[in-house]
Amino acid sequence: MSSSLHRPLDTETATMLRIVLRPLLDAARDWQSLSAALALKGYELHFRDGRMLFVECYTGEAISTGAAIGVPLKTLSDRLGRPSLTMSADGRSAVLHT
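Everything in the sequence shown is counted per my numbering, starting at 7 for the first residue and increasing by one.
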C-alpha cells in the first residue's frame, strides 16, 4: 500500500478505529446511510487511487483504508453496490456522491 494514502497507524489506533468504524460498516444499508453514520462520528469517505479512505472531518486527514479496518472497498461494493462518486480534477481521487 502506498504510504501517501494515509499516515501509518500504530496498533492501538488501528484497534480503536476498528472498534468505532467497523460496526458502522457492517450495519450500513447503503452508501448514503454509511456516509451519514460516519459523519456523526466525525469521518467521511474519500476514494484515492482505487482505495476507500476514511478521512477525519475536522483535519481533512486520511487516516486509514477500508482494508486496514477489515472491510475493503470490494467487500462493501459487493454488499452495497458500486458507490456513486464525484471525481476531482486530478483524476485520482473522488468523494462519495450523496
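C-beta atoms are modelled at their ideal positions from N, C-alpha and C, and glycine is treated no differently.
Per the DSSP calculation, Leu51 is bridged to which residue(s)? Here residue 51 corresponds to residue number 45 of the sequence shown, with the count starting at 1. Note: Leu51 sits in a beta bridge opposite Phe60.
Rounded separation between Leu44 and Arg98 - CA only: As a working mapping, residue 44 is identified with position 38 in the sequence shown. As a working mapping, residue 98 is identified with position 92 in the sequence shown. Each residue's Cα considered, the two are about 23 Å apart.
Taking buried to mean at least 16 other C-beta atoms within 10 Å of its own C-beta, is Met7 buried or exposed? Position 1 of the sequence shown holds residue 7. For Met7, the predicted model reports a pLDDT of 38, less than 50, meaning its position is unreliable and no value from the coordinates is stated.
Distance check for Leu102 and Ala74, CA to CA, integer angstroms please. As a position in the sequence shown, residue 74 is number 68, starting the count at 1. As a position in the sequence shown, residue 102 is number 96, starting the count at 1. Approximately 19 Å between the Cα atoms of the pair.
Selection from Ile69, Asp84, Thr81, Ser90 that minimises the alpha carbon distance to Ala20: Mapped onto the sequence shown, residue 20 falls at position 14. Looking only at Ile69, Asp84, Thr81, Ser90, the smallest Cα-Cα distance to Ala20 is reached by Ile69.
Compute the beta-carbon to beta-carbon distance between Met58 and Gly72, rounded to the nearest angstrom, for a pair I have assumed lies under 8 Å. Here residue 58 refers to the residue found at position 52 when the sequence shown is read from its first residue. Here residue 72 refers to the residue found at position 66 when the sequence shown is read from its first residue. Right, the Cβ-Cβ distance comes to about 4 Å (below 8 Å), so this counts as a contact.
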